[in-house]
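Chemist: Going line by line, the protein sequences match chains A and B.
Mapping the first sequence onto our numbering, position 83 (from 1) lands on 232, and the numbers just tick up by one.
Mapping the second sequence onto our numbering, position 61 (from 1) lands on 210, and the numbers just tick up by one.
We put the CB at the ideal spot given by N, CA and C, even for glycine.
Note that this is a predicted model, so its numbers are computed, not measured.
Pasting a structure here, questions to come.
Number of protein chains: 2
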Amino acid sequence: MLNVKRLELLLDVVELGSITAAAEKHIYSPSGVSQQLRRLEAEVGQPLLQRQARGMVPTDAGHVLTAHTRRILRQMAAAEADLAEIAGLNRGSLTMGTFPTLGGSFLPLVISRFKKQYPAIELHVRSSRFDDLIEMLENGQVGMSLLWDYEWNRLNPENFALTTVFEDATALIVGKDHRLARRKQVDMGDLAKEEWIVREEEHPVVEVLHRSAQAAGFSPRIAFHANDYQEAQAMVSVGLGIALAPRTAVVNKHPGVSIVSLGASAPSRRILLAHRHDRVRAPAEVAFQSTLLDVARDNSADFR
Amino acid sequence: MLNVKRLELLLDVVELGSITAAAEKHIYSPSGVSQQLRRLEAEVGQPLLQRQARGMVPTDAGHVLTAHTRRILRQMAAAEADLAEIAGLNRGSLTMGTFPTLGGSFLPLVISRFKKQYPAIELHVRSSRFDDLIEMLENGQVGMSLLWDYEWNRLNPENFALTTVFEDATALIVGKDHRLARRKQVDMGDLAKEEWIVREEEHPVVEVLHRSAQAAGFSPRIAFHANDYQEAQAMVSVGLGIALAPRTAVVNKHPGVSIVSLGASAPSRRILLAHRHDRVRAPAEVAFQSTLLDVARDNSADFR
DNA sequence: TCCTCCTTGAAGATCAAGTTAAACCCCCAA
DNA sequence: TTGGGGGTTTAACTTGATCTTCAAGGAGGA
C-alpha cells in the first residue's frame, strides 16, 4: 500500500515546484525528501517527476497520483474534523440505565438539562430492575447506570466505578387526617401501634421497615401489600394504614396523604451512578455524568 | 495526521470482530495490533473500541472513523489502480468506447485529428452496444465512452460524469421519388398515411417512431424490419416505405434516398462523453476529450 | 475447577525514516 | 575555461516507531 506521508511530500513538491521548498515546509532536509520520492517511485514502478534544470515537473503518473493524493488528504482531514466534533460533543450518543422511582422523578430533570446543553447528542435511557441493570452494565448494553444501595448491602466498588449522586431519605406516608399528618418530623418509636402498608415481600423498602421497627423496639403489623407506590399512597389516603417510601418515590404526592420526615430514625438509600472500571468512557458519557451531578446538587433540597 | 496503517487495523478489527482475527489477517501478533490500536486511540484522544467479553464493539468515534477509513482505503486503491493502468500502457495511451453509428461517422474525424495532434499517444477504440459500454466504463476496460440518451430515459449524472457533445436530430429517410423528397422539412403530422421501415423491435429508434407518431396523432404501419441503417435505406430507396434515423446514422447517404429534416416534431438524441466520477483522468484522456469537443463544434452543421 | 480463547503489558530486535556531509549537475557570468 | 549558485542525489550513520517474544490476566464453557 502507498505511504501517505510520501504522497504528501510528492504533492508538495509538485505544488511548490521543488524538493527544497517542500523540504522547508516539512522541516526536513532536501536529502530526506529526495530519498522518500525515490522510494515512492520505486513503489509505483514508474517515474513521477521529471527532473528538470529548474525544479521538477510531474509526469502523467505524477499528475494522476497528486490528484488522488489531494482526495486522500481531504478525506483524512474530514475524518479528523468528525472526530473533533465528537470530542467537542457536537455529536455522539450514549445509553444509560435507571430504575423506576428515579426514572419518574430525578432523571427527567437531568435529561431535560442535558438535552438543552448538548442537543446534538443522542440519548437512550433504559429503565429496569436492579438485577437487570447490573447485567446490562456488565454486557455493555448500557454504558452507565443509576443504582441504589442501603448501608447493609453496599455495592462493591471493585465491581463498578461508583459515584454517589445523593442520599435518598426514607419518608413516612400518612393519611391527610392522620394524627401525625401535621408533624414536620416523627420518630419510628412513635409508630409502634400503627398498621402498615408495604410493597411486595422481597421489595427493599420492606426490609427498611423491619430493620427500623426492630431498632425502635417493635414489630410492625402489615395491613396491605401494594404493587407500587401509587397504590400504596392510595391505600394510605383511605386510612388503611401508613407506609414508608424513599423520598424520591413520592415527589408526586397523592392529594390524600402527607409526607413526614423520619429524620435519622429510618435508614436512607444511596443513589449511585455506576460504570464498568475497564470501560474508557466517551466524551458524551463524561458530560452526562457531570450534568447529572450538577442537577443532584441543585435539587438536593427536594429529596430530603 | 492519522496513520493509515493503524486505521486499516482498526477497520479490520471492527469488521472481523476481534484483535486476534485482524492480527492473523495482517500476519501480526495480537499484541502488536493491540498496541497500535491503543496508540490510535491516544492520537484521536478518545476511545474507539469498547472491550467486551465477546470481542470488540466500536464507539461512536470508532464508527465514524471506520467509515472514513473505508473511503480512504478505496481512494488509495483507486490511485494504485490508475498508476497500474498508466504503467501498463506505456505512458500516454487511452482506451475509449463508442457505438456503431458514431463509430461510422463522427468518431473517425476525431481520431484523425487526435492522431495528428498527439502522435505519441496510443489510442484504442472499442465499439459496442449501450449496455456493454456502461459495463466497460464501470470495470475500467474503457476510460471514457461516447453514449447517447433520449429525453425520456436520461442518463443519471450521479453514475458518470457526463459532457454533452452535440444533439443528434432524428431525420426522415424517403425515396428519391417520394412526394416529400424535395422538401427541406416536414412535420410528423404529414406522415400518418405512410408505410414505415424500422430497425428490430427493441431498437431505440423504434420507440422514437412510436412516440413521435403518437404525438402527431397516428399509429404507424410497419412494412419491414431492417437489421441496420444501410439495409433500411436500401428498402426505402426501392419504395417499400420511409424510415426514421438519427442524423449521424445517414451521413453516408444511400444514392436512392433523400434525407428530410423533421424539425422539432421528432425527438433528438443527446450524444454524451462519459467517464467515472472517481477516476482521476490521465492527461491523454483530457486531451482527447478536448479534441473531441473541438471536432463536434467544427462539424456541428453536418449533423443537423 | 480447569481449559481455552482473547487481550494486554514489558522488554528487546529490527528496519524505515530521518540526519549530516559531500558530491554532482546544469546554467550562467566573468 | 573557470567559478559560483541553485538544486538534487548518494553514502553512512542515528534514532525511534513498529514489530516480536514472553508472560500475565480475565471471561466463558466443559
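Note down, in chain order, every chain B residue with its Cβ under 8 Å from the Cβ of residue 221(A).
Modeler: Neighbours of residue 221(A) on chain B, chain order: 221, 224, 225, 228.
Chemist: Between 360(B), 368(B), 353(B), which lies nearest to residue 297(B) when the distance is taken from Cα to Cα?
Modeler: Comparing Cα-Cα distances from residue 297(B) to each of 360(B), 368(B), 353(B), the minimum goes to 353(B).
Chemist: Closer than 7 Å by beta-carbon distance: list the chain A residues that pair up with residue 213(B), in chain order.
Modeler: Under the 7 Å cutoff, chain A gives 231, 232, 235.
Chemist: In angstroms, rounded to a whole number, what distance separates the CA positions of residue 300(B) and residue 416(B)?
Modeler: Rounded to whole angstroms, residue 300(B) to residue 416(B) spans 8 Å at the Cα level.
Chemist: Tell me whether residue 367(A) sits in a helix, a strand or coil according to DSSP, three-state version.
Modeler: Three-state result, residue 367(A): coil.
Chemist: Is the beta carbon of residue 362(A) sitting closer than 9 Å to the one on residue 381(A)?
Modeler: Cβ distance not < 9 Å, so residue 362(A) and residue 381(A) don't count as in contact.
Chemist: So who's on the other strand from residue 262(A), going by DSSP bridges?
Modeler: Answer by DSSP bridge pairing: none, since residue 262(A) is not bridged.
Chemist: Enumerated in chain order, which unbroken segments of the beta strand (DSSP E) with a length of 3 residues or greater are wholly contained in the region 216-255 of chain A?
Modeler: The region 216-255 of chain A contains these whole beta strand (DSSP E) runs: 242-247.
Chemist: Got a sec? Which residues, its chain only, sit under 6 Å from residue 396(B) by beta carbon, not counting five neighbours each side?
Modeler: Only 317, 318, 320, 452 meet the Cβ criterion.
Chemist: In the DSSP assignment, find the alpha helix (DSSP H) that holds residue 286(A) and state where it starts and stops.
Modeler: 279-288 is the extent of the alpha helix (DSSP H) around residue 286(A).
Chemist: Report back the beta-carbon spacing between residue 421(A) and residue 304(A) to the nearest angstrom; my notes put them in contact at under 8 Å.
Modeler: About 7 Å separates the two Cβ atoms, so the contact holds.
Chemist: Nearest by alpha-carbon distance to residue 405(A): which of 412(A), 284(A), 391(A) is it?
Modeler: Comparing Cα positions, the closest option is 391(A).
Chemist: So, does the CB of residue 181(A) fall closer than 9 Å to a CB anywhere in chain B?
Modeler: Cβ-Cβ to chain B under 9 Å: no for residue 181(A).
Chemist: Is there a C-beta anywhere in chain B that falls below 9 Å from the one on residue 150(A)?
Modeler: Yes, its Cβ sits closer than 9 Å to a Cβ of chain B.
Chemist: Would you report the Cα separation of residue 249(B) and residue 344(B), rounded to the nearest angstrom?
Modeler: Computed Cα separation, rounded: 26 Å.
Chemist: Nearest-angstrom Cα distance between residue 236(A) and residue 266(B)?
Modeler: So the alpha carbons of these two residues sit roughly 56 Å apart.
Chemist: Could you please tell me which residues of the region 341-358 of chain A, in chain order, have their CB closer than 8 Å to any CB of chain B?
Modeler: The region 341-358 of chain A vs chain B, Cβ under 8 Å: nothing.
Chemist: Checking contacts by CB at 9 Å: is residue 273(B) closer than that to chain A?
Modeler: Residue 273(B) does not count as touching chain A.
Chemist: Count the other C-beta atoms from every protein chain shown that fall within 10 angstroms of the C-beta of residue 403(A), then say buried if there are 16 or more, exposed otherwise.
Modeler: Flag for residue 403(A) reads buried.
Chemist: If we count the other Cβ atoms within 10 Å of its Cβ and call it buried at 16 or more, is residue 418(A) buried or exposed?
Modeler: When all chains shown are included, residue 418(A) counts as buried.
Chemist: Any beta carbon of chain A sitting closer than 9 Å to that of residue 210(B)?
Modeler: Yes - at least one Cβ of chain A is within 9 Å of the one on residue 210(B).
Chemist: Where does residue 348(A) land, buried or exposed, given buried means 16+ other C-beta within 10 angstroms?
Modeler: By the neighbour-count rule (16 or more Cβ atoms within 10 Å), residue 348(A) is buried.
Chemist: Can you tell me whether residue 331(B) is helix, strand or coil according to DSSP?
Modeler: Note: residue 331(B) maps to coil in three-state DSSP.
Chemist: What residue does the beta strand (DSSP E) around residue 186(A) start on, and which one ends it?
Modeler: From DSSP, residue 186(A) is part of no beta strand (DSSP E) but of the alpha helix (DSSP H) over 179-193.
Chemist: Indicate the three-state DSSP secondary structure (helix, strand or coil) for residue 136(A) in the structure shown.
Modeler: Outside the shown range of chain A, which is 150 to 453, sits residue 136(A), and nothing can be said about it.
Chemist: Looking only at C-alpha atoms, which of 209(B), 221(B), 177(B) sits nearest to residue 156(B)?
Modeler: Nearest option by C-alpha distance: 221(B).
Chemist: Is the beta carbon of residue 190(A) less than 9 Å from the beta carbon of residue 198(A)?
Modeler: Against a cut-off of 9 Å, the Cβ pair of residue 198(A) and residue 190(A) comes out as a contact.
Chemist: Interface residues of chain B around residue 432(A) at Cβ under 8 Å?
Modeler: In chain order: 195.
Chemist: Taking Cβ-Cβ distances shorter than 9 Å, what residues in chain A pair up with residue 409(B)?
Modeler: In chain order: nothing, as chain A lies at least about 47 Å away.
Chemist: Taking a cut of 8 Å between CB atoms, which residues from the region 370-398 of chain B lie near chain A?
Modeler: Answer set for the region 370-398 of chain B: empty.
Chemist: Could you spell out the range, first to last residue, of the beta strand (DSSP E) harbouring residue 346(B)?
Modeler: Segment 344-348, the beta strand (DSSP E) holding residue 346(B).
Chemist: Which whole-angstrom value is the C-beta distance of residue 160(B) and residue 433(B), which I expect to be below 8 Å?
Modeler: About 34 Å separates the two Cβ atoms, so there is no contact after all.
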